[in-house]
Each structure stands twice: as structure tokens, then as C-alpha cells.
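Report on one structure; see the data block that follows.
Protein chains in written order, with the UniProt record's numbering: chain A, 1 to 315; chain B, 1 to 503.
This is the structure:
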């Protein structure tokens, strides 16, 4: 058990270091000069060179990398090339916005997937089960941004029930916050829900074939009662694992959905950063996303060991 | 068997979700105050968010669009018809040798840090352009040899040589007046003397300005104006359709205008801008050194058809580098009219026919859509065109703009009075023409009549020499709630004047 914990932690740390090198390297080879973008079309070469010096872009790549890494370890994300503002607080503010989206999307995904998947499994040979199954296939195929556009067209533009886009912090106006959260959360959640439904379905189907369920039925329990008391708990184990992995997908999906709904989250910060060649900011945001994904995977790894006794004994 | 776990449960969940949606939307809609002006608010949707609030060190049109004229003021400004009129300077005189300008300044203007605006601030601001600014626009101040405060309300500026352009540039951002004690945090906390105060910047979303109740001039109608930024044209339109904003400041997708023109709730404003959409040639390449190639390309393009196809017919055909609001504008669309047969023979004669030209486009809506039309029209005239898209701004700036690694490109030049800046051997057009430079020099140093006369000659020269092809002039297209008044017809200055807006 301890050994496995050390092993997983080791893998996590190595992944972090490798990904930091990769992120830095990608930024270094990105075409376009941040100083020229900041100074604009008429800038002289001298002015651009001077700004490159101010940005520290004239230093060697390893020096730049280790400076950045050192800052990250100290919790100092540096100062934006373009806005001259500290990056840390910006990333923190934007992360809060994105987390609202991710959490709301996850809740919707669960609310959709748990019942729908179970029904699909329980009725997998009946019309209703098959219809749901087909419906979820469509959901899997639709990207979140397309779902977002469709939701906007129907609920905001045609029906006028909800705002088409925008963001209000919950502390400022809770009612507006909720109204603006619904559509983006739905477009993330419904699509993720469709994916998750497939996993719930196969997990429940698996469980339905188990001997202990037949025994439960033989004792006189109705099918649903048997599933509820004995089946779902067992089916939950693989689903929880998938849920963790999906959290990462959701985080990345939020980046795109933010664009469609004009939400100032981490995704918009990232895209603006790329277009302004605010490389340090891009590096930081990508790194934060990478850390979040690795962290989720790490926790899922640990949870998996904790949940499944067989894995514990194996180590 | 009891159907406790059935499709009904799912149906219930779905309808519950929809109910939640409707419940939350109850009571939406815009609120409007009853006492006009006192607490009225307005929201304007724009496309490019500033990267910083400091236009002294960061280039880009978004910063002056938001701040100039609203937060910062200049000594002189341009009115809607393009004329230079007083602002912080009540009046000015020019010496007979045209090298000394004396400005009489208003005596009641105050910065938002409570400091009085005086001639010393003007001297400070003019000198600061030379010392602290880093953007290339600062070069327009090189011609100033000295700025002197004769009294708190009188400023004297001496130039090294006569320059009409200098006074004009003073209407742009380099003429912005700063308070000596208000420049410590330009990127985040601008201090000016204008009708609005900068209030808040929600990065990635909006900039909020509030009325400056101590403003020395006539006070604006709106108490608060929010500039909201959208990356996506559809999102911007949707925001107006659903009442999140009241004005679409620049329409990015003219083909989508019909949803507003057919609706009584909205007004559509159409005027001109300074944005000449230029099909640029790399004039340093041997092929483009031959005037017949350039003229052949110009005559191969059916500009009317192009405008209809790629910008929904909105915009104006100009034929040279001058918008109709400049005093030296002439309609030069007849210099190289569409003539496919003549185009073919010109291209044949110059040896360009059959050659492949690289059309390197920035990823901007008008460039992408017009690029396809240009390609198909040029191919009818016997050229081969290879389009490749470069991410704007970063990749395009490096490849086309800095390294001039291109044959043709399409970009809108939106700076005012930029004829001389664009057609210049050092610029990416690599256009070297001593005759043109002669006209430009004479225009800058002469009196008003000589300026107009020489710039007319310069524009005609460019058109006849086909230094580039002017596809069209970008229109100023705005859509707004019908109740909003005071929106400018033409967008010919760097700033979006918020002080004239009312309801």
C-alpha cells in the first residue's frame, strides 16, 4: 500500500516536471514575437529589441525556463508582458469562474447520467432503453460548443428566457449569476452527461448479470429493489473512476464553452494570451490546467486503490 | 411490477430542468430609470479588448478607442466631418514661417486627481512622448524642437520644420494630455481631464466608465457606460438581441445585419471609416517592380462584385488610399476600372501570367472572405494564386509585416491619414517612389491649399502607379436600440466619443 502510494506520487511529480518542460518548449517555438505584437505595426527594430530585453526574452532558454520554474515553486507566476499586471491574481480570479462552470456541468452530467444510464441498462432490450441509448449516442457526438450555440439560439434568442452570454459574479447579483450560468453549464453538462451515461449503462449491465443479483431476486426483491440495494453500489466503482477522468475533460471543455458564452474564465484568458503572445501568461495558464488534470488523475489513482481491496493486496 | 424506475423518471428530470430554466428567467429584461440622465446606464459591445490601458507603451486601436476623448483629452480634436477643432486649447495661432504654434488653453479643466490642467501639463505631456513613450507613433513628435509654457494658459510649441501633419497628430493619442502626478499607473489607473472617469476593468469582459461630475465642459448624459468586449461576431449580435447590451459598436458580420434592419426595435447606422482594405503588393519583388503586373492585377478585380460577395455590399469603393472624410479625397475608382481583357494582356506582357503568387492573409474576417474572391478573380486573368492564412496579429506581423516574406496580402489600414506611412520603402509594401515622396514633403510643409493640392496628386500617383489595390473602404456599421441617440455616423477618429450619447 505504502509502496504503491510512493510509486504514484513519484509518477505524479515526474509528470509535472516533464510537462513543465514541454509547455515551456511549445511556447518557445510558437511563431510571433511578443514584443512586436505589443508595440504594433509601426514599431522600429530598436524599440522591439529594447522591449524584448525588458521582457527578459533576450536571455538563454534554459535561464528563462529555470526562472519561470523557480517562480512557480515560490507561487509567483510573474508579470504579464502585455498588461504589466501580476499574473497570479488574474489566474486565480479566472480559475474561480471556470470552476463554477465545471462544478455545475459535473452536477448536471451526474443528474442526467445516473438515472438515464440505469434505465438504459435495465431496459436494454426494450424500446425505451434503446431510444435513450440512441439519444445518448447523439449526445456523445455533439461537441459542447455546438450544444452551446443551439441552446443560445433556442433559449436566449428565440424564447428570450435567458441571457445569451455574459458573466456576473455570484456575490454581485446571485439571480443574474444563476441565469447566466444555466446555459453554459447545460451545454457542458449535457454532453458530458451523455458520455457518462454510456459508462453507467455498461457498469449497471455488468452488475445485472452478477449472481448476487439473481440471488437477491430469488429472495423476493423486485428488480429495482435488488438493483438499488446490491447493484448500484458495485456499479459505482468504475463510474467514479471515469467521473474523475471526466473532470479533466470538463475543464478543457469549459475553455471552449467560455468563448461561446463570453465568460471571463481561464479559457478566455488563455485564448487572449495566445493572440497577444503574452507567452508567460499562456505558459502559466497551461501549466495550471496541466497541474489540475494531473492532480485529478493522481487523486483518482489513490481513490481507486482505496476503493478496491484487490489492488491493495496486490501491492 | 411497479414502474418505479422507468422512462417517466427521466421525463420528470428533464421537465424539472426546463422548469428551473423558466423560473430563473422570470423578471428578466432591461430596466430604465425614469429621470433622464441622472442614473442612466448604457452598455456598448465592442470587439477588441485592450491588452493594457497604457497607450504610451502598448499599441493597438482598442485603448484609444476606449480612453481618448472620454478619459484623456487633447489640445485639438477632429469633428465628425474631419475638421480640426478646439478642445483643451480654446484657440491657436501659427507663425508666418509655420514653425511656431501658440495655443490658448482653457483655464477651468481639472484632472481626476484634482490637479488643475495648465500649460505645464501640456509641456510635460509633449516632452513625455519623446522620452517615455515606446510605441512607434511617438515619431510624430520628433518634429517638435521645444514646448514652452508662456503662462498657465498659454503654450508655445516650436517645430524644426513646418508640418501640417503635426497638428493633425495632436488630435490622436500622442496629443493626449496627462497630469504630471497621474502617470504612475497608466496601465491600470488612467488619470485624465475628460468627461468620463475610468471606474473598473473586468478583464476579459468589460471596462466601466462613470461620468466625471467635475468635468469642465458640458457633462455627458449617461452616468455610467460599460464597454463590453466580444471575440465572436455572433455572440455580439446575440447580446444585443437579448438586451445584454444596447449598442453594437462595430458590426463584424455585415451579412447578419438583416435580423436588425427588419426589426423596429433597432436602428442601423452606416457611415465611413479610415479603414482602407488594401490588397498589398510586395513592391520589392522583381515581378511587382513592373508596373504592368500591378495594373493588370488592379484591372482584373471587379471591385463591385467583390464587395457584394465578401462584405455584403457594405462599404465604399475608393480607388486610392484616401477616405471621403479627408479634404483631399477624390473618387479614383475610374483610374483602373475592371477590364478583364486588358488585365490579361498586361499580365501577359509583364510575364506574370501563369506564375504562382502567394496571397498571405491574416486571420481576420474581411481578409479571409475577400481573399477567396481575389483569388478566383485573379485566376480568371491567368494568374495562379496560393492562399495561406497567418494567425493575426502575431504570425502575420512577423512574416508579412516585418520580414516582407509575401507576394500579396490583404489588410485594412485603419490609421487616419496614413498614405505616406503605408507607401514607403521601409514599410512592408516596400514602395519606393521619389515622385510620391516629393508630393508628401510639399504637402507637409505648405499651407492648407498646398497640402490639399499635393495630397490629391499623391493619391492619384498611387492609383495610377497601382502601388496596391484598394479593395474597398470598411464601413462604419453600428446597430443600436432605437432609443440611443448621438451615435457617430462616421468613425474617423481613434476614439469612440461617449460624451455625445444620450437616450
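Every residue gets a Cβ at the ideal spot worked out from N, C-alpha and C, and that includes glycine.
- Contact between residue 254 of chain B and residue 477 of chain B holds, with the beta-carbon distance rounding to 6 Å and staying under 8 Å.
- In the DSSP secondary-structure assignment, residue 475 of chain B is bridged to B/272.
- Against chain B, the CB of residue 201 of chain A has no partner CB under 8 Å away; the residue lies outside that interface.
- Using a CB distance below 9 Å, the part of the region 24-39 of chain A facing chain B consists of 30, 31, 32, 33, 34, 36, 37, 38 and 39, ordered along the chain.
- The beta-carbon of residue 204 of chain B is placed less than 8 Å from the nearest beta-carbon of chain A.
- Boundaries of the alpha helix (DSSP H) around residue 164 of chain B: 164-169.
- Taking a beta-carbon distance threshold of 8 Å, residue 262 of chain A counts as an interface residue toward chain B.
- Taking a cut-off of 8 Å on C-beta distances, the region 97-109 of chain A touches the region 257-276 of chain A, as three or more cross pairs fall below it.
- A Cβ-Cβ contact shorter than 8 Å links residue 77 of chain B with residue 171 of chain B.
- In this structure, the beta-carbon distance from residue 325 of chain B to residue 82 of chain B falls below 8 Å.
- The shortest CA-to-CA distance from residue 322 of chain B to any of B/459, B/128 and B/151 is the one to B/459.
- Across the structure, residue 362 of chain B and residue 143 of chain B are spaced so that their CA atoms are roughly 33 Å apart.
- With respect to the 8 Å criterion, residue 414 of chain B and residue 275 of chain B are classified as neighbours on the basis of their beta carbons.
- Residues of chain B with a Cβ closer than 7 Å to the Cβ of residue 277 of chain A are, in chain order, 394.
- Annotated three-state conformation of residue 408 of chain B is strand, per DSSP.
- Here residue 321 of chain B carries a coil assignment [DSSP, helix/strand/coil].
- Approximately 6 Å separates the beta-carbon atoms of residue 284 of chain A and residue 91 of chain A; this is inside 8 Å, confirming the contact.
- Beta-bridge partners assigned by DSSP to residue 78 of chain B: B/84.
- Bounds of any beta strand (DSSP E) do not take in residue 375 of chain B; it lies within the alpha helix (DSSP H) bounded by 365-380.
- Within the region 246-312 of chain B, complete beta strand (DSSP E) segments of at least 3 residues are found at 266-281, given in chain order.
- Taken in chain order, the complete alpha helix (DSSP H) segments of 4 residues or longer contained in the region 114-143 of chain A are 127-141.
- Residue environment: residue 229 of chain B is assigned as buried (16 or more neighbouring CB atoms within 10 Å of its CB, all protein chains considered).
- For residue 76 of chain A, the CB contacts under 8 Å within the same chain, skipping 5 residues up- and downstream, are 88 in chain order.
- Annotation for residue 211 of chain B: 195, 196, 197, 219, 220, 222, 223 and 224 place their beta carbon closer than 8 Å to its own, counting only its chain and skipping 5 residues before and after.
- Under the DSSP assignment, residue 351 of chain B falls outside any beta strand (DSSP E); it carries neither an H nor an E label.
- By the criterion of at least three beta-carbon pairs nearer than 8 Å, the region 384-397 of chain B is in contact with the region 30-38 of chain A.
- Residues of the same chain with a CB within less than 7 Å of the CB of residue 295 of chain B, apart from the 5 flanking positions on each side, are 336, 346 and 466 in chain order.
- Closest option to residue 257 of chain A, judged by alpha-carbon separation, among A/164, A/24 and A/9: A/164.
- A distance below 8 Å between beta-carbons, with the five flanking residues on each side excluded, links residue 390 of chain B to the following residues of its chain, in chain order: 360, 361, 362, 363, 396, 399 and 400.
- Interface with chain A (8 Å Cβ-Cβ cutoff): residue 232 of chain B is included.
- Chain B has a Cβ within less than 8 Å of the Cβ of residue 43 of chain A.
- Beta-carbon to beta-carbon, residue 135 of chain B and residue 59 of chain B are separated by about 5 Å, close enough to satisfy the 8 Å threshold.
- A direct Cα-Cα distance of roughly 15 Å separates residue 248 of chain B from residue 205 of chain B.
- At a cut-off of 8 Å between C-beta atoms, residue 471 of chain B does not count as an interface residue with respect to chain A.
- When C-alpha distances from residue 417 of chain B are compared across B/145, B/166 and B/432, the shortest belongs to B/166.
- Using a Cβ distance threshold of 8 Å, residue 407 of chain B and residue 283 of chain B do not count as a contacting pair.
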